[in-house]
Amino acid sequence: MRTGIEFAHKISLAYSAMCKPLCHQINLPQTAFDILMFLSNNPEFTTARDIVEIRKIKANLVSVNVDRLVNDGYLIRKEVEGDRRKHQLVCTPKADEIINMGLILQKNFVDRIFEDIDVEVRGEIYMPKTSFEKLNEESVELGEKPFANPRNAAAGSIRQLDSSITAQRDLSIFVYNSTFENLEKPPKTHYDSMMYLKKLGFRINPNIKLCKNIEEAIEYCKEWETKRFELNYATDGVVIKVNKLAYQEELGFTARAPKWATAYKFPPEEATTKLLDIELNVGKTGAITPVAILAAVNLAGSKVARASLHNFEEIKRLDIRIGDEVVIKKAAEIIPKVIRVVQDEEHFKRPVYNVPKICPDCGARLETRPDEVNLYCSNPECSSLLKAKLEFWVSSDAMDIDKIGPGVIEQLFKKGLVRTPLDLYKLKKEDFLTIDGYKEKSASNMYMSIQNSKTQPLSRFLTALTIKHVGKETAEILANEFKTLDRFYHIDNYDVIDIPGIGQKTGMEVRDYFNNEKNLQLMDEFKAVGVNPVQDVERVSDILKGQKVVLTGTLTNMTRDEAEEIIKSMGGKPTSAVSKNTSFVIAGENPGSKFDKARELGVKILTEKEFLEMMKLNSIN
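Numbering (our numbering), first residue to last: 517 to 1137.
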């Protein structure tokens, strides 16, 4: 078996062979059987067109076999309300027996094919440049806003709640890392593990190269500085990895990245264009961000007409003046940035940019804050500030309220229906009917999205509050420590700055926020409208606090996810690799290489039964 395509083909043939006796028994062609199983396993897809596009069965075969299934009483065609030309395919009770037999067959097939193989892979999903161009052409034809770049398009496609939309996007993936369980001879090098994944049918980057020494690796990186533009995807560098997996494990990780890998970044592509104006934006904290408005120019695969200038100190440092020719690049091949000014004779004739003194929106005085270079609007009721707070509150980084975007926020704000995030939870379904273009169903969906957000975990709620220095990671740490919102009312009982991952500045900001009576009153008001978040995993004990626990083998009394939840509830941290820093290993049936590694390092090993007994003895009832 030399290629992924060959492997996939053989899997398909094996599945067909296994289905043949069952299809003979039920007197159905395999295509008809496949259609029934597809509809049963994927309830979001209900039409013949879905079967053609997703299952990749020819339209004429779908038509013939659907007719047969309808005639035999296994399917019915149901008219779609509002569109008589469109029909949904619905499985009848008569089909239940066949579907149940099919589910058993599929499970047995998977168990047989992947018996004794437990593999976890990591990779990166991307959208090829050609697919990106096609998607934007289709978006423009439909009157929709095109995506800025392939990365945004891929991310937006993955985040779609409707999986059928994601399926229509031409996404691809490169798998770049893996862990194996239950292999007799697991790979000992990263390169060998990639080749094994390729053999299994996973897609790995075809340009992977095993280098003999660092000089060869450097030469390879430099080779791709120019060759990268020939690729059908955007890339900003090459990752260099230590090959031996034993060395990788010994080197370990920092809080953010592995110590056994480093990225060689290509020199960014640059472009020269004209600075037409400097726009001022008010953010969710009141910070004023200057934005360069540029004559549109192509850069690194997309058209750029705006670039962040970060702050006014940066404008002063670069001596940026409106009308200048400026050189721009994309930070990490994504974010446009002005890096220098073309200081010709005309540049010095233009007036120096004057730092604003009043807010561009409300006209309030701008102020500085200790140890900061940013300017802030001094008016807490500034409309731009309030709308930015609302937009952040509903965003995917915060409360993740689906269907409420900037356009909806703008209309609700203009109508005087909302000014603060708290107001969102006081809205009635009827309020959404006042928004242009929205009818009963849309209004109901938006209303329910807000109601559903009341149960978001505490970490998201803390992020959404925009407490200074508290981003997603810090909010997660605080939420895991405090567990409930009520405990923040008694914050003086906690040594916040001593919490691992919380520095002195952050700790003081959190303490000051929850010592403020106005903020505590706001928390009470949130609870009064039904928003009272708690962290997902309720810690019942601290017996595993600070301990790193590795799971290996097949567990019989609980799933892997359930075991990890128990570990977290006891204050521990489930990890994937065994090292000298591992506290203990829980070994189920048929443990793999992690078991051997633990014995080699002298790490404590518990059976599943021993672990459960330990938890039982130490749990708090």
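Virtual Cβ for every residue (Gly too), placed ideally from N, Cα, C.
Under the three-state DSSP convention, the category residue i falls into
i	result
N814	strand
K955	coil
N748	coil
L1128	helix
N759	coil
F696	strand
S900	helix
P1090	strand
H540	helix
R976	helix
Q604	strand
P722	coil
C737	helix
P609	helix
K819	strand
K714	helix
R1115	helix
L555	helix
K984	coil
L467	An answer regarding residue 467 cannot be provided, because it is not within the stretch 517 to 1137 covered by the chain.
F908	helix
R638	strand
Rounded straight-line distance, which links the Cα of residue j to that of residue i
i	j	result
R822	V868	20 Å
G1118	H706	24 Å
L605	E657	30 Å
V910	E741	40 Å
V1012	I1059	21 Å
R833	K819	26 Å
K931	P876	22 Å
L761	F864	58 Å
N1035	P896	14 Å
D887	I674	39 Å
N871	K853	Here residue 871 is Val; the residue named in the question, Asn, does not match the sequence. Cα to Cα, V871 sits roughly 19 Å from K853.
G639	G1108	23 Å
K945	S960	6 Å
I1136	S1085	Legend: pLDDT at I1136 = 40, less than 50; position of this residue unreliable, value from coordinates given subsequently. Near 11 Å, if we compare the C-alpha coordinates of S1085 and I1136.
K845	V889	23 Å
I614	V1066	41 Å
K1125	A1103	10 Å
D627	D566	28 Å
K988	T1022	13 Å
F769	S1095	11 Å
Cutoff 6 Å; reference residue i; Cβ partners in own chain excluding five residues on either side
i	result
R518	Because the pLDDT at R518 is just 41, under 50, the model does not fix this residue reliably, and the value given afterwards should be weighed accordingly. Closer than 6 Å at the Cβ level, and outside the excluded window around R518, lies no residue.
I951	Q927
L974	A995, P1049, V1050, Q1051
C539	Q546, F549
R571	F554
N- and C-terminal bounds of the beta strand (DSSP E) containing residue i
i	result
E595	591 to 596
L1122	1120 to 1123
V857	851 to 857
L1036	No beta strand (DSSP E) contains L1036, which is instead part of the alpha helix (DSSP H) from 1033 to 1044.
V580	Premise fails: V580 lies in the alpha helix (DSSP H), 575 to 587, not in any beta strand (DSSP E).
F929	First-last for F929: 922 to 930, but that is the alpha helix (DSSP H), not the beta strand (DSSP E).
T794	Residue 794 is actually Ile in this sequence, not Thr. I794 -> beta strand (DSSP E) spans 786 to 798.
L1067	1064 to 1068
V1101	1100 to 1103
K781	777 to 781
Nonlocal neighbours in the same chain, by C-beta distance under 7 Å from residue i, ignoring five residues either side
i	result
A669	M643, F648, L651, F663
K781	D752, G753
T547	I573, L577, N581
I874	A880, R881, L882
T778	I756
G589	T608, K610
V1194	Limits of the chain in this structure are 517 at one end and 1137 at the other, which puts residue 1194 out of reach.
Residue i beta carbon near the ligand MG (any heavy atom closer than 8 Å)
i	result
N624	Only the bare structure without any ligand can be found here, which leaves the ligand MG out of the picture.
Beta-carbon proximity list for residue i, same chain, < 8 Å, skipping 5 on both sides
i	result
I794	P806, V807, A808, I809, L825, I831, I836, I838, Y869
R744	T751, F782
V934	L906, I925, L928, L940, L943
Range covered by the alpha helix (DSSP H) that runs through residue i
i	result
A671	666 to 674
V656	645 to 657
Y1029	1020 to 1030
I831	828 to 834
Min CB distance residue i to chain C below 9 Å
i	result
S911	Although the question refers to chain C, the structure presented lacks it and comprises just one protein chain.
Q. On the three-pair Cβ rule with 8 Å, is the segment 832 to 840 touching the segment 850 to 859?
A. At 8 Å Cβ cutoff, the stretches touch.
(Q) Taking 8 Å as the cut-off, does the segment 993 to 1005 touch the segment 952 to 960 (at least 3 CB pairs, one atom from each stretch)? (A) Here the segment 952 to 960 makes no contact with the segment 993 to 1005; the two share fewer than three CB pairs at distances below 8 Å.
(Q) With three or more C-beta pairs closer than 8 Å as the rule, is the segment 678 to 690 touching the segment 554 to 571? (A) Note that the segment 554 to 571 touches the segment 678 to 690; at least 3 beta-carbon pairs, one per stretch, sit closer than 8 Å.
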